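See structure below.
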Amino acid sequence: MVSVCPPDGNRIQYPFYLPPALHDCVLPSSEQTKLDQNTLRIANACLLPVCSLHGAAVTTVEGIGSLRTKLHPVQERIASAHGTQCGFCTPGFVMSMYTLLRNSSTPSLHQLHTAFDGNLCRCTGYRPILQGFKCFTKNSYDPTQEPIFPPFLKVSWRKLHNQFLQFVGPRVTWYRPTSLAELLEIKRKNPNCKIVVGNTEIGKTSSTYSIIFYLLPYTSRFPQFFFFKHQHFTLINISLHITDAALFSEETTRVFTAFVEMLRWFAGNQIRNVASLGGNIMTASPISDLNPLLLACGAVLQLVSQDGTLRTRKMDPSFFVSYRQTGVLPTEILLSVLIPFSKKARSNEYFFGYKQSTRKEDDIAIVNAGMRVELDTLGTVKDLALAFGGMAATTVMATKTMKQLIGCTWSDDLLRRACELLTSDLPLPPDSPGGVVEYRRTLTLSFFFKFYTAVLQRLHQEGVMTKVAVSCADASATKPLEREPLEAVQWFEAGSDAQWPEDALRLPVVHQSAYKHATGEAVYVDDMAPRRGELYLALVLSTKARAKLESVNPEEALGIPGVVDFVTHKDVPGEKFFGKDPTLPQVVGEGLDEVFASTEVLHQGQVIGAVVAETQVQAQRAAQAVKVKYIELEPVITIQDAIQKNSFFPFHPTICRGDVEVALSAAAHTLEGEMRVGAQEHFYLETQVTRACPGEDGELEVFCSTQALTQLQTSIGAVLKLPLSKITCRAKRLGGGFGGKETRPNALALPVAVAAMKLGRPVRCSLSRDEDMMMTGTRHPLLGRYKVGFTSKGILQALDVEYFLNAGASVDLSYDVLGRVVLDTDAAYLIPNLRVKGHVCKTNLPSNTAFRGFGHPQMLAVVETVVSQVAAYLNLPAEQVRLLNMYKKGDITHYNQRLEECNLRRCWDDVVQQSDYQQRRREVEQFNKENRWKKRGIAVTPVKFAPGTNSSFFYQVASRVLQVPISKIRVDETSTATVPNAFASNASVSSDLYAAAVMDACNKLVEQLRPVKTQMPKVTWEELIKAAHQAKISLSATGHFVSNSDLDYDILTNTGRPYSYFTFGAACSVVEIDCLTGDHQVLSTDIVMDVGKSLSPAIDIGQIEGAFVQGYGLLMLEQYMVQPNGTLLTRGPGTYKIPSAGNIPQRFNVTLLRESGNPRALYSSKGVGEPPLLLAMSVLMAVRHAITAARMDAGLSPLFPLDTPATPARIRMACADHFTRMIETTKTENNIKPWFVDL
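At position 1003 of the sequence shown (counting the first as 1) the number is 1003 in the UniProt record's numbering, and the numbers step up by one without a gap.
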């Protein structure tokens, strides 16, 4: 069901009483394309204006099955396979799989693994989703029971497709012409109109940047030819969707082979299904995937002017005239593209395409290229075309290089000359948009070397140049990193201490909300039906990192129809700041966040005011109209800036054991260095959202996606000057949190609450992705400086570490995070002399906050790098050094806690055995001997971490204590009205606190029911409850539990016990890297995790896999980019890349340590929510091992820096070779600033 909206609504709008099928923005639509034939395609809902769906049938997740009717097999499978956790992304995966099955009843494994390239999940780690759906590749799916294509649309398809449509909105007019003549007439009357085919560019631009295009002719359904073969070329209609273009057959020879290969990595299915070839050309993006290929092959465009005159225009070096501008005249329309066939094989014409991006699947290019060469029978260059994207403001051709190499023989001399010419032909200034200048320039040489080697291989195979052979080692340059189908096994102990037949504790049961997630029936905050008179709020955010507010003028915004009010700091009746901490200096606002900025802004994205309107669109439009004038001040952005300007918050903890100075002086060897760990965006799929509903007598009910309801309630009470008894905060479920919804929801919830109380009407606000990323902060960036002393055998004798944490503009939880960093610096190693210092940097960034792992991942990256550098220095296997220094039972940490129950070495030994580490290491070494340009690495890393887990097994605990089936247990929403003064759901203590409190409440109920149970021992549960009610026995109980009462640690004096117990684990990972591009893939990961006696194996394994993949993102992929002036560049999935299904290990095995326990926790369990994130360190260390192998081939030192995330740029430049040496290091002049900075 969809509602009709004006064209500027620009996307499908769902009534609030119908939960959207597309929390993950995915839905299929089908349309009749020929008589008795319809096509089902999946696309992103944000790219599908309702106007574009005339004549199509749209299917939502509710339409294929529900709990009220019948589950679809896809819905049932993803739930029963434990493929859902927070559930926000689940409908998107369901609909992607549904579409795949409707189009292929028995898909191949390859089809299965590529079907989800456009889907993202932040919780599960993808393994249970892929493995759960694997059954559909073996058993043919029966589509006969599916909803049929609507008969009306089927009968009327010709009429519907031939209708000229016009939709007129207050600001936008949308046309759907059905012929070229109609389109030309529209263009004649409106020469500046934007022509839409797939809406991938305009849809993204209008939704992200609030830009409105006034006239939008839609041409996707032109009844013209789409694809036509000629003797010498293929003619393609510009409306041909990218998915259809990928169907080119092999007979079109080498040109189209390159196109087909490139299209594999062109966005995801949801984009390819609507994107068009013509749109790709005309948007003229400098990083277009297809334009370099089109330039290299000499494609010819057919253009038609407003008067109907036809002309052709070859795509040559002059076609792209400037940024986003082509040689097509404003009065012309691109009609079709002629792509020439490559010449017959005997003419020795070769054509290849290359692309490098941060993430291989569904990502934009950093640099891409199209390369074509024609050789004569002697191997002499007759013609050469080299086109590159990402090397200028337009797609460019290396014209000087092309000209100079004509007449040269295809040999090593040509390679050397080509590289020299390319370095001068493709310059990049140090402040080039996109940054990583040296890397991009190096990629041009790497691509050409790949091209040169591939052509040389072909020439040798075809007998043209038999005397010039490619060595086996160099041949690795042309081998792609191919993704293999997933293999995965999970081992755990089945429950053996069952108290009764239906006891579900320790069994892998499906969690309660899984089927609601799969059917779209799970209700999140923004799915709630609006109350009568409910208003919508949009925030006015600072665009400056640091500035005085000269004026804020809402006059224009208040004049927009539907706008009700503009709310500022003047409307706050109580406290103006939030985030109080008793450890902070007693200075008003110092280290705190301001509800609304009053006189000064301290970071981009800070809330200045809020517009309240009748609709969301009106509020957002009005917020853009508020005029803010600033007096800019110099910001502090990076840790280095803070050090130079002495910008710190007053917290500098230090812990010291032994005499570090003496030990370092006496050590046989010492090393010094530093390492940076970058920020990580939480990227919960449900953005921050709040509804505030005023009630009678000054009461306020708040629905918020938060992990800390009591803290939110307290903050609202202080800001509104209301007693807490009048404020009720509720949270039914969260679409992901990971720590980002502990304190930061206040930044949104407080303005919403202020507006609701001021106006006396319900108010809601759901942030867009870019707003969320601008406002809410990240995992803390960290700089670690170290000096380590060690013996010749690799025994660590002393370590001196100093940490600098980038806190952002306020303290938030930074003191606690730094405390954990300092406290946990021993990692898994006994270091007899250890000194740790820490500092909290005050910068002009959004306040950084809690994130899964709470500082431990940043610390561990530094410590494991130290261990790896020690091993490299001594030419020892890193695993040998790790094992030599590893903790064992009875050891005492630097904070004076004895390791009473230490399974660290058991986890290590098990993972070494289960991964067959020794054999794999031999295979890695043999591979590295045989391949120069591909290298493999292997690493085993251990983890020691204080508690962590998940709360989804509460109903299993209640089921055991009450001895009733879990089907009779329901976990209700969290609310301050029912659970007052609750601890935040953070630091992974849910099992220790909440499950224990559940057990306490259930035990009380058992005691209350015991008299009736004794008299009626064989009655059903319902009969027991009825009898107890008649006996006037209370049928409710409140559980209370105080955990860790003996924990009294003081970090300033290093006294007391900080932790109740530890969770241990170990992982072994094998990776392969492309030394020429920096690309990599994880071949295998084996994990052994000590979780005590698992309360719910399915949940524990899901937490392990999800945390591991999230840690992989932190260490290997997710680059958070900020410009020197504080502007955030990575504001959404288009620029910030979290792991996709293609990033997970190809072999992914998880084992829960056998015969373990924990006397200090509920049912001998252990926390497991956070520690597995640290096991991704095995991937980073394996990559370091692979880079070392490449450097050894080049005769370079095995000691090198590798900051995180270890992006392709960092990996490639660490694999230094003669190509990198040809690129001069870019020296940034004082007045030239880089595109982005290391925070």
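Using N, Cα and C, we set each Cβ at its ideal position, and we do this for glycine too.
All values derive from a computational prediction rather than experimental measurement.
query, result
"Identify whether residue 449 lies in helix, strand or coil by the three-state DSSP scheme.", "helix"
"What three-state label does DSSP hand residue 1142 in the structure shown?", "helix"
"Could you check if residue 1242 is buried or exposed, using at least 16 other CB atoms within 10 Å of its CB as the buried criterion?", "A query on residue 1242 cannot be resolved here, the shown segment of the chain reaching from 1 to 1239 and no further."
"Quick check on residue 599: buried or exposed, where buried means 16 or more other Cβ atoms within 10 Å of its Cβ?", "exposed"
"Just confirm the distance between the C-beta atoms of residue 628 and residue 572, as a whole number of angstroms; I'd bet it's less than 8 Å.", "That belief does not hold up - the Cβ atoms of residue 628 and residue 572 are roughly 18 Å apart, past 8 Å."
"Give the single residue among 889, 1114, 1002 and 1038 whose Cα lies nearest to the Cα of residue 1061.", "889"
"Of the choices 317, 290 and 336, whose alpha-carbon is the least far from that of residue 311?", "336"
"Specify the secondary structure class of residue 1219 as computed by DSSP and reduced to three states.", "helix"
"Drop a sphere of 10 angstroms on the beta-carbon of residue 1232, count the other beta-carbons inside from all chains shown, and report buried for 16 or more, exposed for fewer.", "exposed"
"Taking just the CA atoms, how far does residue 694 sit from residue 853?", "37 Å"
"Should residue 836 and residue 866 be called a contact, given that it needs their Cβ atoms to be closer than 8 Å?", "no"
"In whole angstroms, what is the alpha-carbon distance linking residue 250 and residue 330?", "Low local confidence applies: a pLDDT of 45 at residue 250 is under 50, so the model's placement there is unreliable, with the coordinate-based value given in what follows. Spanning the two alpha carbons is a distance of roughly 36 Å."
"Looking only at C-alpha atoms, which of 1209, 1206 and 1213 sits nearest to residue 1196?", "1213"
"For residue 921, which residues of its own chain have a beta-carbon under 7 Å away from its beta-carbon, when the five flanking residues on both sides are left out?", "938"
"Near residue 1234, what residues of its chain come up, given a Cβ to Cβ distance below 8 Å and the 5 sequence neighbours on each side ignored?", "430, 431, 435, 1124 and 1228"
"Output yes or no for whether 8 Å exceeds the beta carbon distance between residue 671 and residue 869.", "yes"
"Starting from residue 1178, trace the alpha helix (DSSP H) in both directions and tell me its first and last residue.", "1177-1193"
"What are the boundary residues of the beta strand (DSSP E) that includes residue 917?", "It is not in any beta strand (DSSP E) - residue 917 instead sits in the alpha helix (DSSP H) that spans 917-930."
"I think residue 1170 touches residue 680, with their Cβ atoms under 8 Å apart; what is that distance to the nearest whole Å?", "Residue 1170 to residue 680, Cβ: 14 Å. No contact."
"Quick one: grab the DSSP three-state call for residue 672.", "strand"
"Return the first residue and the last residue of the alpha helix (DSSP H) that residue 356 is part of.", "Careful: residue 356 lies outside any alpha helix (DSSP H), inside the beta strand (DSSP E) at 349-357."
"List, from N- to C-terminal side, the beta strand (DSSP E) runs of 3 residues or more that fit wholly inside the stretch 34-121.", "37-44 and 56-58"
"To test your reading of the DSSP string, which unbroken alpha helix (DSSP H) runs of 4 or more residues are found completely within the stretch 585-618?", "none"
"So, do the stretch 68-88 and the stretch 503-517 have three or more beta carbon pairs nearer to each other than 8 Å?", "yes"
"Would you tell me roughly how many angstroms separate the C-alpha atoms of residue 538 and residue 701, rounded to the nearest one?", "20 Å"
"Classify residue 907 as helix, strand or coil using the three-state DSSP reduction.", "helix"
"First and last residue of the beta strand (DSSP E) that includes residue 784?", "782-790"
"Going by CA-CA distance only, name the one from 422, 686 and 289 that's closest to residue 365.", "289"
"Count the other CB atoms within 10 Å of the CB of residue 1221; is the residue buried (16 or more) or exposed (fewer)?", "exposed"
"In whole angstroms, give me the CA-to-CA distance for residue 724 and residue 83.", "39 Å"
"With which residues is residue 528 paired in a DSSP beta bridge?", "BP columns for residue 528 are empty, so no partner."
"In this structure, how does DSSP classify residue 1033 when only helix, strand and coil are distinguished?", "coil"
"Could you give the residue range of the alpha helix (DSSP H) that holds residue 857?", "856-874"
"If you count every other CB in all the chains shown that lies within 10 Å of the CB of residue 1240, and 16 or more means buried, which is it?", "The first residue shown for the chain is 1 and the last is 1239, placing residue 1240 beyond what the model contains."
"Name the two residues that bound the continuous alpha helix (DSSP H) containing residue 665.", "660-666"
"Tell me the start and end of each unbroken alpha helix (DSSP H) in the stretch 468-547 that is at least 4 residues and wholly inside, in chain order.", "472-475 and 514-519"
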